[in-house]
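Colleague: Structure below; questions to follow.
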Ligand SMILES: NC(=O)c1ccc[n+]([C@@H]2O[C@H](COP(=O)([O-])OP(=O)(O)OC[C@H]3O[C@@H](n4cnc5c(N)ncnc54)[C@H](OP(=O)(O)O)[C@@H]3O)[C@@H](O)[C@H]2O)c1
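Structure (structure tokens):
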């Protein structure tokens, strides 16, 4: 049994990955949380460690014998990346072999300012390894979860989906500058979780960038697909944003 620690392991995306990891029966999962476990938090194949993400010394003992740490603490809830930086320092001190920072979305952040702090962590990790490898890590990038396109209908176990800029039930979307709307990558939550579980099992060295992609389409193509699948065009037009927005 290889020990895998999941920071933010009580969260929605983490729970999907934990299910996929537990299903392999090859790992023991340690959930790292700020809270004491609640009644629904006892999952077979997992244990729980309550830690203080502002204090490295509280995290290091929980990482004893851990091979891989996956972080799911969202950067937009982690002011100045304080928790993630402390976690990385603890991972290094505990001698953990591999780390995945809280990416799990897109490498491009210029139109997604709330993902900006992910870039600062990429720099923190690159700096750590600049004079030789201190920590093996991978930026898992999967694009948007395809399941959001099915909102409001649920298609996941833990991740709550809501409408993004697409409303495929009504066959419409927000299109930038009246154009195609730009290309986006989509991966289903279940494909994503299974690929991450396979990457955890992989014995070779992780690449720094780990791209996962189900489909790449433009917003306009999605609207066309929705028209084909649901039949007919929406009488209300797509909302067209200027490209300067
Ligand atoms: N690709 C996509 O479409 C997509 C969609 C959603 C999310 N994501 C990505 O997936 C990752 C996880 O997102 P999520 O929505 O699953 O997260 P979440 O459920 O909002 O949070 C995960 C956990 O983080 C812990 N946490 C929150 N704030 C913290 C803080 N300041 N310090 C330490 N721990 C804190 C909480 O655990 P405790 O209270 O137990 O400590 C929480 O349960 C993020 O990197 C996000 O960008 C990607």
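Residue numbers (full-length UniProt numbering): 1 to 245.
All C-beta atoms in this analysis are idealised placements derived from N, C-alpha and C, irrespective of residue type, glycine included.
In the stretch 82-158, which residue ranges form an unbroken beta strand (DSSP E) of at least 3 residues, counting only runs that do not cross its ends?
Modeller: Qualifying beta strand (DSSP E) stretches, in chain order: 98-100, 139-141.
Colleague: Can you have a look at residue 269 and say buried or exposed, based on whether 16 or more other CB atoms are within 10 angstroms of its CB?
Modeller: The first residue shown for the chain is 1 and the last is 245, placing residue 269 beyond what the model contains.
Colleague: In its own chain, which residues sit with a C-beta less than 8 angstroms from the C-beta of residue 82, not counting the 5 before and 5 after it?
Modeller: Locating residue 82 in the chain shown gives position 82, where the first residue counts as 1. Hits under 8 angstroms: 53, 54.
Colleague: Taking C-alpha atoms, which residue in 147, 74, 73, 67 lies nearest to residue 185?
Modeller: The count along the chain shown starts at 1 and reaches residue 185 at position 185. Considering only alpha carbons, the answer is 147.
Colleague: Leaving out the 5 sequence neighbours to the left and right, which residues in its chain are closer than 7 angstroms to residue 124 when beta-carbon positions are compared?
Modeller: Position 124 of the chain shown holds residue 124. Same-chain partners within the cutoff: 85, 88.
Colleague: Answer yes if the stretch 29-49 comes into contact with the stretch 206-214, meaning at least three C-beta pairs across the two stretches below 8 angstroms, and no otherwise.
Modeller: Taking 8 angstroms as the limit for Cβ pairs, the verdict is that the stretch 29-49 does not touch the stretch 206-214.
Colleague: I need the residues with a C-beta less than 5 angstroms from some heavy atom of ligand 1; please give them in chain order.
Modeller: Matched residues: 8, 10, 11, 12, 13, 33, 34, 35, 53, 72, 73, 74, 77, 78, 83, 102, 104, 105, 144, 145.
Colleague: May I ask which residues mark the beginning and end of the beta strand (DSSP E) holding residue 15?
Modeller: Residue mapping note: residue 15 aligns to position 15 of the chain shown, counting from 1. Residue 15 -> not in any beta strand (DSSP E); alpha helix (DSSP H) instead, spanning 12-23.
Colleague: Ordered along the chain, which non-local residues of its own chain (more than five positions away) have a Cβ less than 6 angstroms from that of residue 17?
Modeller: Along the chain shown, one-based indexing puts residue 17 at 17. So the list reads 193, 196, once near-sequence residues are dropped.
Colleague: Among the candidates 2, 6, 13, whose CA atom is the shortest distance from the CA of residue 160?
Modeller: Residue mapping note: residue 160 aligns to position 160 of the chain shown, counting from 1. The residue with the shortest Cα to Cα distance from residue 160 is 13.
Colleague: Report the residue ranges of all alpha helix (DSSP H) runs contained in full by the stretch 200-240; include only those spanning at least 4 residues, in chain order.
Modeller: As far as the stretch 200-240 is concerned, its whole alpha helix (DSSP H) runs of at least 4 residues are 219-230.
Colleague: Who are the near neighbours of residue 140 in its chain, counting only those whose CB is closer than 7 angstroms to its CB and skipping five residues on each side?
Modeller: To locate residue 140, count along the chain shown from 1; it is residue 140. The answer, listed in chain order, is 100, 103, 104, 196, 210, 212.
Colleague: Just tell me which of 23, 70, 152, 218 has its CA closest to the CA of residue 143.
Modeller: Taking the first residue of the chain shown as position 1, residue 143 is located at position 143. For the residues 23, 70, 152, 218, the minimum Cα distance to residue 143 belongs to 218.
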